[in-house]
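Notes for the one structure printed next.
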Amino acid sequence: MQQLFDETYSGNRTLWYGYFPTLEQQELINEITRIVQNDLVTSKEVQATSWIFYSEVKQSDALEEEIRSSIMVRFVDGHYYVHYNMSDFEFVTQREQIYDWLSKLEKQLMSNIK
Numbered sequence: 000m001q002q003l004f005d006e007t008y009s010g011n012r013t014l015w016y017g018y019f020p021t022l023e024q025q026e027l028i029n030e031i032t033r034i035v036q037n038d039l040v041t042s043k044e045v046q047a048t049s050w051i052f053y054s055e056v057k058q059s060d061a062l063e064e065e066i067r068s069s070i071m072v073r074f075v076d077g078h079y080y081v082h083y084n085m086s087d088f089e090f091v092t093q094r095e096q097i098y099d100w101l102s103k104l105e106k107q108l109m110s111n112i113k
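Here numbering that gives the first Met the number 0 is used: position 46 in the sequence shown is 45, and no number is missing along the way.
Structure, rendered in structure tokens:
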């Protein structure tokens with residue numbers, strides 16, 4: 000994934016990446032873990048670091064507005080928090096699978112804390 004933006008403001012660093020094809024991408028959890036670990040090396044002087052990973056797929060919601068899903072990771076006080084912004088269609092059809100996937104991502108990130 001390509002880094003799109005990197006901004007530090009008031010002790011918080013945010014990095015934006017694009018674009019992942021789907022959560023079913025075989026190596027996505029490993030790729031995100033590698034990116035996070037590499038970025039943390041240069042985030043030593045901030046209080047919290049956040050990552051936003053955008054999906055390459057745009058969907059339309061019930062109001063016919065375009066939605067781009069995103070994976071968000073935040074590292075603060077020695078803990079990772081993960082979240083997924085999803086479309087209404089994803090919520091209805093894939094919510095459980097998405098939360099299972101997020102749990103695996105968070106578990107892998109937490110296992111890499113040194």
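Beta carbons are placed, not taken as given, at the ideal position from N, Cα and C, and that holds for glycine.
Tell me the rounded alpha-carbon separation between residue i and residue j.
i    : j    : result
Q107 : T21  : 19 Å
Q24  : R94  : 17 Å
K57  : E65  : 6 Å
E123 : S69  : The structure shown does not extend to residue 123, since the chain is modelled only from 0 to 113, so the question has no answer here.
I34  : E44  : 18 Å
F74  : K103 : 16 Å
L27  : D5   : 21 Å
What first and last residue would you give for the beta strand (DSSP E) that runs through residue i?
i   : result
S54 : 47–59
N84 : 78–84
Just to confirm, is the Cβ distance from residue i to residue j under 7 Å?
i    : j   : result
Q2   : Y16 : yes
R12  : S42 : yes
Y53  : R67 : yes
I97  : M71 : no
M109 : Y80 : no
What are the residues that DSSP puts in a beta bridge with residue i?
i   : result
G17 : Q1, Y53
E6  : T13
State the start and end residues of the unbroken alpha helix (DSSP H) segment that holds residue i.
i    : result
S68  : Note, S68: premise wrong, no alpha helix (DSSP H); beta strand (DSSP E) at 65–75.
N37  : 27–40
K103 : 87–110
Compare the Cα-Cα distances from residue i to each of the options and report the closest residue.
i   : options            : result
Y18 : E55, Q46, E44, G10 : E55
G77 : T48, F4, D38, F88  : T48
Q46 : V91, F88, S86, S9  : S9
L14 : L39, A61, Y79      : L39
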